[in-house]
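Here is the structure we will look at.
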Amino acid sequence: MSQQVLGVMGGGQLGRMLAMAAARLGVRTRVFDPSAEACAGDVAELVIGAYDNEGALARFCEGLDAATVEFENVPIDAVTFVQDRVPFYPNARSIAQAQDRLHEREAFRKAGLQTPRDGAVTNEQEIEVALRAMGSPAILKSRRFGYDGKGQAWIREPSDVPGAWERIGQRAALLDEAVSFQRELSLVMVRGRTGEVRHYAATENVHVDGILHTSRAPAEVDASALNNLRQSVEAMLSSLDYVGVVAVEVFDCNGQYLVNEFAPRVHNSGHWTIEGAVTSQFENHVRAVMGLPLGSTDSRGHAGMVNLIGTVGEFKQQLACEGAQFHAYGKLPRDGRKVGHVTVCAETAALRDARLREVECLVEKGGCHVSDSA
Numbered sequence: 001m002s003q004q005v006l007g008v009m010g011g012g013q014l015g016r017m018l019a020m021a022a023a024r025l026g027v028r029t030r031v032f033d034p035s036a037e038a039c040a041g042d043v044a045e046l047v048i049g050a051y052d053n054e055g056a057l058a059r060f061c062e063g064l065d066a067a068t069v070e071f072e073n074v075p076i077d078a079v080t081f082v083q084d085r086v087p088f089y090p091n092a093r094s095i096a097q098a099q100d101r102l103h104e105r106e107a108f109r110k111a112g113l114q115t116p117r118d119g120a121v122t123n124e125q126e127i128e129v130a131l132r133a134m135g136s137p138a139i140l141k142s143r144r145f146g147y148d149g150k151g152q153a154w155i156r157e158p159s160d161v162p163g164a165w166e167r168i169g170q171r172a173a174l175l176d177e178a179v180s181f182q183r184e185l186s187l188v189m190v191r192g193r194t195g196e197v198r199h200y201a202a203t204e205n206v207h208v209d210g211i212l213h214t215s216r217a218p219a220e221v222d223a224s225a226l227n228n229l230r231q232s233v234e235a236m237l238s239s240l241d242y243v244g245v246v247a248v249e250v251f252d253c254n255g256q257y258l259v260n261e262f263a264p265r266v267h268n269s270g271h272w273t274i275e276g277a278v279t280s281q282f283e284n285h286v287r288a289v290m291g292l293p294l295g296s297t298d299s300r301g302h303a304g305m306v307n308l309i310g311t312v313g314e315f316k317q318q319l320a321c322e323g324a325q326f327h328a329y330g331k332l333p334r335d336g337r338k339v340g341h342v343t344v345c346a347e348t349a350a351l352r353d354a355r356l357r358e359v360e361c362l363v364e365k366g367g368c369h370v371s372d373s374a
């Protein structure tokens with residue numbers, strides 16, 4: 001039997017880690033990216049082309065057994081072009097749902113999930129009307145192309161409206177109520193072609209300047225509430241005929257859980273699963289997309305992850321940390337850019353947290369930090 005080939009649209013670090021996981025299963029990977037410097041090209045065949053270049057997309061499709069995306073903002077026309085030629089997971093409908101915050105929230109509510117209060121707005125006047133109904137402070141979020149805090153602006157009083165509208169690019173948006181939450185959680189799960197769903201441990205996340213800084217798993221969450229959340233998300237995934245890994249962002253507001261957004265792909269908050277779970281999110285995504293049996297999502301003790309933003313810093317010292325695993329993405333240093341991460345694993349939560357603090361200290365000393373730049 002010839003070796004199977006997986007296509008990945010997007011050649012960033014997620015595509016890189018998908019290719020590395022696929023190789024363990026004997027699956028070759030081909031990635032598509034507009035940049036010749038795409039870091040996934042270090043470990044996989046790279047097809048270079050703009051997402052509207054149908055000739056390049058056709059070359060990408062040749063000989064693929066299945067295809068997927070590594071980020072949700074791949075132009076939907078390009079996704080549809082590939083989906084019409086090879087099995088594609090998650091499907092274009094699921095990706096389109098996640099590309100628009102309004103449609104995303106509508107899908108959540110249809111599945112019975114609670115979300116922050118919001119209002120769709122298309123100009124300054126509509127923002128002012130929504131602000132009077134909702135009250136301030138509030139957050140203006142562009143409906144499309146928002147990630148890592150981009151496309152968002154706080155409105156603390158009515159006079160902030162013009163500046164906020166300008167900062168998000170004067171485009172269709174949601175005005176979100178300012179939610180007072182104690183912590184942010186993410187639910188990472190995988191759904192196979194047969195409809196089987198497996199869940200990773202709930203993860204607690206800390207962001208700095210809109211970029212994920214640390215993750216810890218498993219998070220302490222009421223079992224009944226967690227089960228209800230998962231069942232509702234499963235219903236949404238079933239309605240979309242979703243296949244692959246998905247990550248759902250949840251605000252914990254004194255035990256009330258508000259769902260904010262979902263990513264139709266492997267996710268930064270699930271990086272701990274590479275060392276901290278029996279089967280990583282990357283391998284399980286490959287398994288799901290290729291139609292293979294899903295692997296166990298059980299945790300291996302307690303895990304934590306620190307993002308390396310801007311530069312990898314003193315990686316030799318990080319390698320020396322007990323229980324730590326260092327991952328560099330092969331990307332050039334740049335403010336605000338995710339260039340690697342460090343995972344720590346331990347038998348207890350207390351030992352994990354101690355090791356995580358040691359890594360964070362080394363990161364700060366080595367110049368790895370979350371940049372103030374957007």
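For the sequence shown, the residue numbers in the working numbering are 1 to 374. Idealized CB from N, CA, C, for every residue including glycine. It should be emphasised that the depicted structure is a prediction, and the values quoted were computed from it without experimental measurement.
Three-state secondary structure assigned by DSSP to residue i
i, result
"Thr343", "strand"
"Ile68", "A small correction: the amino acid at residue 68 is Thr; Ile does not occupy that position in the sequence shown. It is a strand residue."
"His369", "Because the pLDDT at His369 is just 42, under 50, the model does not fix this residue reliably, and the value given afterwards should be weighed accordingly. Residue state, collapsed to three classes: coil."
"Thr80", "helix"
"Glu37", "coil"
"Asp42", "helix"
"Ser136", "coil"
"Leu113", "coil"
"Ile95", "helix"
"Arg334", "coil"
"Ile48", "strand"
"Gly119", "strand"
"Gln170", "coil"
"Ile309", "strand"
"Ala328", "strand"
"Phe108", "helix"
"Val161", "helix"
C-alpha gap between residue i and residue j, whole angstroms
i, j, result
"Tyr51", "Ala288", "25 angstroms"
"Ser373", "Arg230", "With a pLDDT of only 31 at Ser373, under 50, the local geometry of the prediction cannot be trusted, and no value is derived from it."
"Gly255", "Asn205", "16 angstroms"
"Leu294", "Phe181", "34 angstroms"
"Pro75", "Leu131", "32 angstroms"
"Glu261", "Arg101", "7 angstroms"
"Arg395", "Met290", "Limits of the chain in this structure are 1 at one end and 374 at the other, which puts residue 395 out of reach."
"Cys61", "Glu364", "43 angstroms"
"Cys39", "Ile48", "12 angstroms"
"Gly313", "Ser239", "44 angstroms"
"Gln325", "Val342", "6 angstroms"
"Arg193", "Val286", "11 angstroms"
"Leu14", "Glu70", "6 angstroms"
"Val370", "Gly12", "Below a pLDDT of 50, predicted positions are generally treated as unreliable, and Val370, at 37, falls in that range; the measurement from the model is reported next regardless. Approximately 19 angstroms, taken between the alpha carbons."
"Val339", "Ser215", "16 angstroms"
"Phe88", "Asp241", "12 angstroms"
"Gly135", "Gly270", "35 angstroms"
"Arg16", "Lys331", "11 angstroms"
"Gly112", "Pro264", "19 angstroms"
"Asn227", "Gly195", "18 angstroms"
"Thr297", "Pro333", "33 angstroms"
"Val233", "Ala78", "27 angstroms"
"Val43", "Pro162", "46 angstroms"
"Leu237", "Ala98", "12 angstroms"
"His103", "Lys110", "10 angstroms"
"Gly168", "Gln3", "Rather than Gly, the amino acid found at residue 168 in this sequence is Ile. Distance between the alpha carbons of Ile168 and Gln3 is about 45 angstroms."
"Ala235", "Val188", "15 angstroms"
"Glu358", "Cys321", "8 angstroms"
Of the listed residues the options, nearest to residue i (C-alpha basis)
i, options, result
"Val245", "Tyr257, Ser94, Asp65 and Asp100", "Ser94"
"Ala217", "Ala202, Leu226, Ser224 and Asn227", "Ala202"
"Val306", "Cys361, Ala350 and Leu175", "Cys361"
"Leu175", "Cys321, Val197 and Ala164", "Ala164"
"Leu6", "Asp222, Arg171 and Glu283", "Glu283"
"Val259", "Ser186, Asn227, Gly313 and His327", "Ser186"
"Pro90", "Glu72, Ile211, Arg337 and Glu347", "Glu72"
"Glu391", "Gln83, Ser142, Val208 and Val250", "Outside the displayed span of the chain (1 to 374) sits residue 391, for which this structure offers no information."
"Asp33", "Ala235, Val266, Glu45 and Ile211", "Glu45"
"Ala67", "Val188, Val8, Val27 and Phe81", "Val8"
"Gly63", "Thr80, Arg85 and Ala36", "Arg85"
"Val208", "Leu308, Gly119, Ala138 and Pro116", "Leu308"
"Ser280", "Arg59, Gly41, Ser35 and Tyr200", "Tyr200"
"Leu18", "Cys345, Asn268 and Gln318", "Asn268"
"Glu166", "Glu177, Ala178, Gly151 and Val179", "Gly151"
"Ala178", "Leu140, Arg171, Val190 and Val197", "Leu140"
Interface flag, residue i vs chain C, CB-CB below 8 angstroms
i, result
"Ala288", "Absent here is chain C; the protein component of the structure consists of one chain."
Residue i: CB within 7 angstroms of a non-hydrogen atom of the ligand MN
i, result
"Ala225", "For the structure depicted, the ligand MN is absent and the ligand set is empty, with no information on it obtainable."
Q. Curious, which full-length beta strand (DSSP E) runs of at least 3 residues does the segment 173-221 contain?
A. 173-177, 183-191, 197-199, 203-208 and 211-217
Discussion item. Report the start-end ranges of each alpha helix (DSSP H) in the segment 222-303 that is 4 residues or longer and not cut off at the edges.
Written reply: 223-240, 273-276 and 281-290
Next on the checklist: Does the contact criterion of 3 or more C-beta pairs under 8 angstroms hold for the segment 125-142 versus the segment 274-290?
Outcome noted: no
**Prompt:** Is it a yes or a no for the segment 342-360 touching the segment 296-313, going by three-plus beta-carbon pairs under 8 angstroms?
**Reply:** yes
So does the segment 153-167 actually touch the segment 210-225, counting three or more Cβ pairs closer than 8 angstroms?
no
In chain order, each alpha helix (DSSP H) run of at least 4 residues that lies wholly inside the segment 3-28 | 13-24
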